[in-house]
Structure formats: structure tokens, C-alpha cells
Amino acid sequence: MSEKPSGKLSNVEFEMMVDEMIRTLPYTIKYHVELSKLYKSRYDSLIAAGFSDKEALEIVKARGIE
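Mind the numbering: the sequence shown is residues 3 to 68 in the working numbering, read in order.
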């Protein structure tokens with residue numbers, strides 16, 4: 003898609019973008035399901051290591067799954 007001075011998409015470009023979003027939606031959902039399992043595992047590991055619920059949550063919020 004080319005840059006337009008107005009920054010607006012044509013109807014065809016918009017429809018193509020929506021079609022691509024619909025095509026990839028099942029993969030996006032699956033990705034987020036698996037990612038949430040990683041976050042939960044990290045949280046549970048921090049609890050098992052002796053962090054409080056609040057501490058574990060703050061660590062996961064700040065650092066994610068790194």
C-alpha cells in the first residue's frame with residue numbers, strides 16, 4: 003500500500019486489510035492462549051520461589067516472560 007498525502011486507505015485497501023485480519027485471527031487467538039500459559043507459569047514459579055502474590059504479579063507485569 004502506497005503512502006497517500008491524506009493518509010487514508012482506499013476502500014479496496016481497507017477491505018484487503020480486514021480480510022487479512024480475518025484470515026490470521028485464529029492464529030492470533032492461539033498465540034495469545036499460549037502466551038497466557040507462559041505468563042501463568044512465570045507467575046506460579048515466582049510464587050513457588052517465595053514471592054508474595056502481589057510481588058509475583060508486579061514482576062510479571064514489569065518483566066513479562068523474559
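Cβ coordinates follow ideal geometry from the N, Cα and C atoms, glycine included. The structure displayed is predicted, hence computed values, not measured ones.
Span of the alpha helix (DSSP H) around residue i
{"i": "Glu36", "result": "13-50"}
{"i": "Ile61", "result": "55-65"}
Pair within 8 Å by beta-carbon distance, residue i and residue j
{"i": "Ile67", "j": "Ala58", "result": "no"}
{"i": "Arg44", "j": "Val62", "result": "yes"}
Residue i beta carbon near the ligand ADP (any heavy atom closer than 7 Å)
{"i": "Ile67", "result": "In the structure on display, the ligand ADP does not appear, and there are no ligands present to speak of."}
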